[in-house]
Each structure stands twice: as structure tokens, then as C-alpha cells.
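Trainee: Under the numbering used here, read the sequence shown as residues 917 to 1395, first letter to last. All C-beta atoms, glycine included, are put in the ideal place defined by N, C-alpha and C. This is the structure I have questions about; it appears just below.
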Amino acid sequence: MYVKNLLLYLLGGAVIFLTHCQPKSSAPIEEAPSLTEVQFTQYCSGCHGAQMQAFVDREWKHGKTKDSIVLSIKSGFADAGMPAFDSTFSDQEVANLADYILTGLEKAAIYDFDEAPSSNIFPTEAGFSLQLDTIATGMKSVWGMAFLPDGSMLINDKSGEIYRHSEDAPMQKVSGVPEVRYKGQGGLLDIELHPDFAANSWVYISYSKPMNDTLATTAIHRAKLEGNALLEGKDIFIAAPYSTRRHHFGSRLEFDKEGYLFFSVGDRGARDKNPQNLDSHCGKIHRIKDDGGIPEDNPFVDTDGAMPSIWSYGHRNPQGLAMHPITGEIWDNEHGPRGGDEINQVQKGLNYGWPVISYGINYDGTTFTTLTEKEGMEQPIHYWVPSIGVCGMTFIKGDKYPGWENQILSGSLRFKYLNRTKIEAGKLVEEEILLKNVGRLRSVEMGPDGYIYVGVESPGSIFRLVPTNENMETSVAGT
């Protein structure tokens, strides 16, 4: 127990990784770990994980200067259950451990921005700025958006409303929306057009579907859009099992180049039951035909007891799903617990490990696994510690943002920014924090006009990101 409480106590009960993970197959050869890393792993891995690199998220009870950390490790706090380690480590080893922790805290400081934007123009590292043009506002939470051929757009508000919006006819309510369970993380979620929408008018909606006053699940609804009405609506997928829990519904939608519909369903908070079991829809990425039918080449169609729509499993709560514009591969991002938000390339039949392996810990600072990798389970392409509250995902297409082509954009709910990620040959090569403190960023999409659109909460608003060389301060409301 004394080892378990060592550095966890210093942080008041909060310990998580701060690093970025590369896939094992493409990672460069690494140097042997230092003695400090070995000691840290040896003494802390049983509680905190074998690759713990930093402590973040809470105030330190006894200070976080090097001197205070050294004193805490050496002297301990017996009345709180933390022993002294002055006889376990030499003075130099204690000093090295303190430096190790402080190095991690310096990395965490990149998220220390809380000032309100003073302008609607935000700088980037690419040599241009991003001007936020306000497209729509006044909603609660913009969970999804889709662009119609006539230039208008459909906007999903988590509260249960769909709006059809254009410059000439703003914020018109769409009728025929299915009843949603708007509680917790549930509500009206993503929206996607059929690839041949211009010919068939099909719209796809993911939402939290109530069974009764207590039970709900993730469902996919298909309907035809005529004017401002959804007609011929039908659920083409209903996840099993229903649950009383109000979180981890997923659920993003994405068609691939062959016309199959991919979508995510979260583990519904049943961490130890759903993600690793193929007899549950939860904690999975699914692949179906446009009418809800099951493709014959899905990986588990011939597996006894398995849900035939499953494409991959071992997921926690994927709230971003996007198709690579060149390769056609499906990628996701998903929430970790406390630490360990991930980007994955979603591949047929593979197991992404949750909760057997993870780079995160429980919200209360305890651990649920000591493993970060295991044979037969995929490593994330990239992960974040601390968790950024990742949500929404798209690949940048077109030439309006020079140098950003085919890179990934992800929203951050926790730190209220837009994340740009450049991945080459299966590993992270560049990352940038954009739109600092713009708001809880829930959704991000590429419009047919070649511009990036983002949806934020409180108030629910949609902004178009226009590249500009402008640096003058203007109203944050946009134009």
C-alpha cells in the first residue's frame, strides 16, 4: 500500500500519463529507459501503470516545486498513509524522480489557457489566421451538421431539434424527428446524408432511443427529407442491450466509398461487460448497408452469438468518425477515462483493447488495468494525456488551408479548442492547438464549399473558419 500511495498522494489522488503513443509496428527504435524511469515503473506500475510519466489535474496538497516534491517523497505523510522513502532512494534518486514529475507538468501546461478570445481571428502555425464567421447560433449543443445540395444545412441540436438553415431562411425546424431521451449524454446526436442524397433524399440520424422512463439505447434512424419534413422514418438499427445509464451512447455516422454506413456505439458505461463481448452492440464500430442490412463480408457474420453488424470492438466511447479522403479508410477518435483519449484507424475485425489495455485511469485516480499493450489488441495511432474530451472528427480536404491537406481535425470539449493532427506512416508528426477557448467544441465538418465548420456549446453555435492574413482585432461574434 505504501507504494500505491506514493506519488498519487502528492497529487491529491490524481495520476495519469502525459505522452503521445505511436503504433508499435511503426515506432522508431527507442533508447533504453533511464534508471529513473525504471524505478518509477518498478515502484508505481502496480497501481498507476508501467509507463506513467506525469501527474496532472489536481492541486498538490503539499506544493509542486521541486523542493516540496523532494520533501514529500523523502519524509512522507504518515497521518495520510504515505510513508517516508528516504531509506528507499538516495538523495540523487529522489531529486531525479522530482525532475521526472516536473518535466511532465511542464508538458501539461500547454493546456493552461482560459482567457476569453479577444477577437474572431485566431493565429495558426501555417502562416495564415482563421477568421470565425458566425453561421448560426442560439442552440443548446450542436452535435451534428450536414450540408444539402441547395446550399442549406441540417443542424442537430442535442435537445431533440433538427434545423434547416440557410442565409435566406435561417433556423427552420424540421418535423418528423424521432423522440429522443435527452438526459445526461443522450439526445439527438449525429446526422449524415446518403451518398446519393440528390436522387433519394435519405437522411440518417443517430440518437438515444427511449424504451420507457428508465431504459434507452443508441439507434440509427433513416427518413426522407422533403422540404422541412422527415417522412417515411424508420429505425434501421437499435443497439442491444438497453440500459438505465445515461452516458457513452457514441454515436457518429460515416459512409465509406462503397456506400456502407459505419457508426459507433459507446460501451454504455458497462466497461467490464460490453466492449470485449461480441454478443453486445456496445463498445463497437458497426458497418451496415444503407437500408440496415448486414454486408456478407462483415467479420463476424459467421461467428456464433456475435452481432453481425460489428466491424471492430474494444472501444470505449467513440464520438468522432471520418473517412480518409485518399485511402477511404475509416478512422475514429474516442474518449478515454482520465487520460487515454485516442485516435484509431478502424480495421476489420480488430480488437482495440478497451478496457483490458488503456493509457488512462479511473476518474477518482485509481487504476483498472496495469496494461498498456497486449498481444491481439491494437495500439492507438495517437493518444492524449490528459484527456482533452475529444469529440467530432474530420479530414481536411481541398486547398483552402495550404499545408493542412488530409490532416485530422478533432474537437476538444474539456479544453475548448480545435486540435489539428498530422499523421504520416502511421505515426504522429505534428500537432497544433487552434481556436483556444472558443467553447466546448462538439462537432467539426468540411463543407462542400471547402471551408471548415465547427459546432460549439453554450450557446450552441456554428462557425465557418475562413483563412485570412488579417491580424487586426474584430468582434468575436464574427461577420
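Nearest CA to the CA of Lys1200: which residue from Gly1209, Ser950, Ile1242, Pro1157?
Mentor: Relative to the Cα of Lys1200, the nearest Cα in the group Gly1209, Ser950, Ile1242, Pro1157 belongs to Pro1157.
Trainee: Using the Cα positions of Pro1065 and Glu1361, report the straight-line distance between them to the nearest angstrom.
Mentor: 15 angstroms
Trainee: Asp1315: buried (16+ other C-beta within 10 angstroms of its C-beta) or exposed?
Mentor: exposed
Trainee: Cβ of Phe863 within 7 angstroms of Cβ of Leu1169?
Mentor: A question about residue 863 goes unanswered here, because the residues of the chain that appear run from 917 up to 1395.
Trainee: Assign Ala1085 to one of three DSSP states: helix, strand, or coil.
Mentor: coil
Trainee: Just reading off the alpha helix (DSSP H) that Asp983 is part of, what are its end residues?
Mentor: Under the DSSP assignment, Asp983 falls in the alpha helix (DSSP H) whose first and last residues are 982-991.
Trainee: Span of the beta strand (DSSP E) holding Phe1311?
Mentor: 1306-1311
Trainee: Starting from Ala994, trace the alpha helix (DSSP H) both ways and give me its first and last residue.
Mentor: Careful: Ala994 lies outside any alpha helix (DSSP H) and carries neither H nor E.
Trainee: Per DSSP, which residues does Leu1334 bridge with? Please list them.
Mentor: Gly1327, Leu1350
Trainee: Considering Asn1036, what are the terminal residues of the alpha helix (DSSP H) in which it resides?
Mentor: First-last for Asn1036: undefined, no H or E at that position.
Trainee: Would Asn1335 and Ser1328 be called neighbours here (beta carbons separated by less than 7 angstroms)?
Mentor: yes
Trainee: With a cut-off of 8 angstroms, do at least 3 Cβ pairs link the stretch 1212-1219 to the stretch 1135-1149?
Mentor: no
Trainee: Please list the terminal residues of the continuous beta strand (DSSP E) segment that includes Phe1171.
Mentor: 1169-1171
Trainee: Give a yes or no on contact between the stretch 1186-1201 and the stretch 1223-1237, applying the rule of three or more CB pairs nearer than 8 angstroms.
Mentor: The stretch 1186-1201 is in contact with the stretch 1223-1237.
Trainee: Can you tell me the Cα-Cα spacing of Tyr1079 and Phe1379, whole angstroms?
Mentor: 16 angstroms
Trainee: Determine the closest residue to Ala1155 out of Tyr1299, Gly1166, Gly1305, with distance taken between C-alpha atoms.
Mentor: Gly1166
Trainee: Give the straight-line distance between the Cα atoms of Ile1324 and Lys1173, rounded to the nearest whole angstrom.
Mentor: Rounded to the nearest angstrom, the two C-alpha atoms are 18 angstroms apart.
Trainee: Rounded to the nearest angstrom, how far is the Cβ of Glu1108 from that of Ala1062, given a contact under 8 angstroms?
Mentor: 6 angstroms
Trainee: Kindly list the residues whose CB is nearer than 6 angstroms to the CB of Asp1002, restricted to its own chain and excluding five residues on each side of it in sequence; keep chain order.
Mentor: Excluding residues within five positions, the ones whose Cβ falls inside 6 angstroms are Lys990.
Trainee: Using CA atoms only, rank isn't needed, just tell me which of Ile1204, Leu1194, Ala1238, Ile1246 is closest to Ala1222.
Mentor: Leu1194
Trainee: Excluding the five sequence neighbours on either side, which residues of its own chain have a C-beta within less than 6 angstroms of the C-beta of Gly1366, listed in chain order?
Mentor: If you ignore the 5 residues before and after Gly1366, its C-beta comes within less than 6 angstroms of the C-beta of Gly1314, Lys1316, all in its own chain and listed in chain order.
Trainee: Determine whether the Cβ of Val1093 lies closer than 7 angstroms to any Cβ atom of chain B.
Mentor: Protein chains in the displayed structure number just one, and chain B is not present.
Trainee: For a test of the three-state rule: what should DSSP assign to Glu1294, helix, strand or coil?
Mentor: coil
Trainee: As a quick exercise: from Asp1112, Asn1116, Leu1147, Arg1161, pick the residue whose alpha carbon is nearest that of Met1127.
Mentor: Arg1161
Trainee: Pull up the distance between the alpha-carbon of Lys1125 and that of Ser1075, whole angstroms please.
Mentor: Approximately 13 angstroms between the Cα atoms of the pair.
Trainee: Taking the straight line between their C-alpha atoms, what separation do you get for Ser1068 and Asn1267?
Mentor: 39 angstroms
Trainee: Taking only the alpha-carbon atoms, compute the straight-line gap between Asn1278 and Gly1305 and give it to the nearest angstrom.
Mentor: 14 angstroms
Trainee: Out of Ala1135, Val1372, Tyr1027, Ser1117, state which residue places its alpha-carbon closest to the alpha-carbon of Pro1094.
Mentor: Ala1135
Trainee: Kindly confirm or deny that the stretch 1006-1013 and the stretch 1023-1034 touch, where touching means at least three C-beta pairs closer than 8 angstroms.
Mentor: no
Trainee: Quick check on the DSSP output: the beta strand (DSSP E) that includes Asn1072 runs from which residue to which?
Mentor: 1069-1073
Trainee: Taking His1163 as the reference, give the member of Gln1101, Glu1347, Gln1192 with the closest Cα.
Mentor: Gln1101
Trainee: Is the beta carbon of Ile1204 less than 7 angstroms from the beta carbon of Ser1225?
Mentor: yes
Trainee: Asn1116 to Gly1175, Cα distance in whole Å?
Mentor: 13 angstroms
Trainee: Measure the alpha-carbon distance for Asp1049 versus Val1354 and round it to whole angstroms.
Mentor: 13 angstroms
Trainee: I'd like the list of long-range same chain contacts for Asn1190, defined as Cβ closer than 7 angstroms, with 5 residues on each side in sequence excluded.
Mentor: Result list for Asn1190: Asp1183, Arg1184, Ser1196, Cys1198, Gly1199, in chain order.
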